[in-house]
Amino acid sequence: MDDHLDELGRLADTAGAEVVGRTHQRVEAPTPAFYLGQGKVEELKGVLHDTGSTLVLFDEALSPVQGSSLEKALAVRVMDRTEVILDIFATRARSAEAKMQVELAQLEYLLPRLTRMWTHLSRIRGGIGLRGPGETQLETDRRVIRRKISNLKRRLEEVAHHRANQRQGRRDLPSAALVGYTNAGKSSLLRALSGAEILVEDRLFATLDTLTREVDVGGGYRFRLTDTVGFIRKLPHHLVASFRATLEEAREADLLLHVIDASHPTWEEQVDVVDRELRIADFGLRIGNESADRQRVIYVFNKADLLPEPDVFLARVREHYPHAVLTASNPQSAIRNPRWGGVDGLRSVLRTSAQALRPIARIRVPLGDGKLLAALHRDSEVLGEAQVDGVVEVTARVQAWLLGKLRRAGVGVEIGG
Ligand SMILES: Nc1nc2c(ncn2[C@@H]2O[C@H](COP(=O)(O)OP(=O)(O)OP(=O)(O)O)[C@@H](O)[C@H]2O)c(=O)[nH]1
Ligand SMILES: [Mg+2]
């Protein structure tokens, strides 16, 4: 309970609100009008008066009716967790695509609440909760909003289509996606592995756009690594839905690196939240087939430098996650803990995966089969070519599925460099 409110506090802070007090009530059956009991509403009124605050945040989702009657009763702006998250996303979206995705989610959220926002806007202005689609859209009617929604959906589909086309030509390198709870250190890991300057912040939802970098994992192998938007408890489903396209990149990756803040007191719950979201987002994880999931997901326990006893911690989590990797990915980690302060362990796991995902093969291409040669150049990483006895012998790192396909087509294939 306290953890949930702590997190709501961090969300409020990220959104730019200052928390002046908190309270909770165990509610067996939320009332249709206020969610809370009448007594609690009165108590809240007193607190609001005493602290002079202008905003109430709810950790639970409020129905449009509950939200609007609470606003009337309390005479201040009332937002639930969903709305706060939407607000943060709205202020953080940078790319045109992220902006469209957030706007879509906001409009979907707004639609059933249109009348409520309407009546209150004239009284309460400014502050968080009034950004994003903003007042101009609120002046329009539902029909216009519906048209906007379908417009945004269409434009987002176009962007997704364009991206899928771009990906087509890039299957040469093995790929991995960094996924995980917000603030776990996904961007920091990508920065540490690639050496690229990447935005890292001690804030929730620092990253909204996927970003891909090539990473040298040693032994002559490279990986294409993609950073993604973080998950959080009760992530609004509108947002998950509209960010689907962004997550497409991750969905098609050979591996998922599930990054966990090992130093967080409730990391286990965070892992559950992420696993559940990944299932909902249909990450090709086979539900009910744990072993298949495990092959594709590598659990990366980050922030090792903050653990009192990293070795003990790793031994313990390996009982559940046999292939768990422990990392520390911010620049100060190595100073704090020289032995556990790096990402070498993850790099070597990626190297081993790359070797398995892309074995080196010699493929004999008949002279004149330009199509096969072109396909190899497109879908595999060609290391060398030589003409021997009327065939072109191509040495390449080839994906396992492609090897099978070549063999079935009667092409001469030999594994080994
Ligand atoms: N001590 C310590 N801090 C870390 C480590 N990795 C990341 N951090 C810090 O954790 C915070 C969040 O890091 P990010 O890399 O932005 O996290 P993220 O998972 O990309 O977060 P979102 O983009 O918000 O989902 C930053 O303040 C980092 O400096 C680590 O290994 N050790
Ligand atoms: Mg990030």
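To get the working numbering, take the position in the sequence shown, counting from 1, and add 443. Backbone N, C-alpha and C fix where the C-beta goes; we use that ideal spot for every residue, glycine too.
Within its chain, find whatever has a CB closer than 7 Å to the CB of residue i; leave out the 5 residues flanking it on each side and keep chain order.
{"i": "L451", "result": "L500, D502, R524"}
{"i": "K488", "result": "L517"}
{"i": "V760", "result": "F744, A767"}
{"i": "W861", "result": "With the chain covering 444 to 860 only, the question about residue 861 has no answer from this structure."}
{"i": "L750", "result": "A705, S706, F756"}
{"i": "L557", "result": "R585"}
{"i": "T625", "result": "L647, F648, G673, F674, I675"}
{"i": "D615", "result": "D822, S823, E824"}
{"i": "V831", "result": "none"}
{"i": "R535", "result": "F648, L651"}
{"i": "L690", "result": "T671, A724"}
{"i": "V527", "result": "L454, A455, A458, L500"}
{"i": "V856", "result": "A804, I806, L846, L849, R850"}
Less than 6 Å between C-beta atoms, sequence neighbours within five positions excluded: which residues of the same chain meet that for residue i?
{"i": "V768", "result": "V743, G788, L789, V792"}
{"i": "S630", "result": "I641, V643, T650, D670"}
{"i": "N773", "result": "S631"}
{"i": "D446", "result": "T709"}
{"i": "S496", "result": "V463"}
{"i": "I531", "result": "T457, A458, F648"}
{"i": "P617", "result": "F666, D697, A797, L800, R801"}
{"i": "S685", "result": "Q544, L547, A548"}
Please determine whether the Cβ atom of residue i lies at a distance below 7 Å from any heavy atom of ligand 1.
{"i": "N608", "result": "no"}
{"i": "F744", "result": "no"}
{"i": "A767", "result": "no"}
{"i": "E644", "result": "yes"}
{"i": "T625", "result": "yes"}
{"i": "S776", "result": "yes"}
{"i": "D449", "result": "no"}
{"i": "D787", "result": "no"}
{"i": "D398", "result": "Nothing in the structure corresponds to residue 398, since the chain is present only between 444 and 860."}
{"i": "V521", "result": "no"}
Between residue i and ligand 2, is the CB less than 7 Å from at least one heavy atom?
{"i": "S772", "result": "no"}
{"i": "S630", "result": "yes"}
{"i": "A649", "result": "yes"}
{"i": "D446", "result": "no"}
{"i": "D493", "result": "no"}
{"i": "G673", "result": "yes"}
{"i": "D754", "result": "no"}
{"i": "D652", "result": "no"}
{"i": "D872", "result": "As shown, the chain starts at 444 and ends at 860. That puts residue 872 outside it, with no answer to give."}
{"i": "D456", "result": "no"}
{"i": "D670", "result": "yes"}
Check for me: the beta strand (DSSP E) holding residue i runs from which residue to which?
{"i": "D670", "result": "664-670"}
{"i": "E828", "result": "824-831"}
{"i": "L621", "result": "618-623"}
{"i": "V470", "result": "Element bounds for V470: n/a, residue is neither H nor E."}
{"i": "R840", "result": "834-840"}
{"i": "V683", "result": "Premise fails: V683 lies in the alpha helix (DSSP H), 680-685, not in any beta strand (DSSP E)."}
{"i": "E695", "result": "Taken as a continuous stretch (DSSP letters only), E695 belongs to no beta strand (DSSP E), as it is neither H nor E."}
{"i": "G855", "result": "855-858"}
Please work out which residues of its chain come closer than 8 Å, Cβ to Cβ, to residue i, disregarding the five sequence neighbours upstream and downstream, and give them in chain order.
{"i": "R568", "result": "At R568 the pLDDT is 46, less than 50, meaning the model places this residue with poor confidence and gives no usable figure here."}
{"i": "V904", "result": "Since the first and last residues shown for the chain are 444 and 860, residue 904 lies out of range."}
{"i": "G661", "result": "R790, S791, R794"}
{"i": "E486", "result": "T466"}
{"i": "K848", "result": "none"}
{"i": "D456", "result": "V462"}
{"i": "A639", "result": "L633, R656"}
{"i": "Q468", "result": "L479, G480, K483"}
{"i": "E828", "result": "V835, E836, V837, T838"}
Terminal residues of the continuous alpha helix (DSSP H) containing residue i?
{"i": "D704", "result": "Not the alpha helix (DSSP H): D704 falls in the beta strand (DSSP E), residues 698-704."}
{"i": "T457", "result": "445-458"}
{"i": "R850", "result": "843-851"}
Does any C-beta atom of chain D lie closer than 8 Å to the C-beta of residue i?
{"i": "A684", "result": "This model lacks chain D altogether; it includes just one protein chain."}
Beta strand (DSSP E) segments (min. 3 residues) lying fully within the segment 485-554: Runs of the beta strand (DSSP E) lying entirely within the segment 485-554 and spanning at least 3 residues, in chain order: 498-501, 520-523.
Should the segment 798-816 be regarded as contacting the segment 770-783, the criterion being three or more beta carbon pairs within less than 8 Å? The segment 798-816 is not in contact with the segment 770-783.
Sufficient close CB pairs (3 or more, under 8 Å) joining the segment 458-477 to the segment 649-667: For the pair of segments examined, the segment 458-477 was found not to touch the segment 649-667: the number of CB pairs separated by less than 8 Å stays below three.
Okay, do the segment 504-516 and the segment 540-553 touch, 3+ Cβ pairs below 8 Å being the bar? Contact between the segment 504-516 and the segment 540-553 is absent, with fewer than three C-beta pairs closer than 8 Å.
Runs of beta strand (DSSP E) lying entirely within the segment 716-804, each at least 3 residues, in chain order: Counting only runs of 3 or more, we get 740-745.
Counting Cβ pairs, one atom from each stretch, are 3 or more of them under 8 Å apart for the segment 836-843 and the segment 802-817? Yes, the segment 836-843 is in contact with the segment 802-817.
Enumerate, from N- to C-terminal direction, the unbroken alpha helix (DSSP H) stretches of 4 or more residues contained entirely within the segment 622-664. Secondary structure remark: continuous alpha helix (DSSP H) runs of at least 4 residues inside the segment 622-664, in chain order: 629-637.
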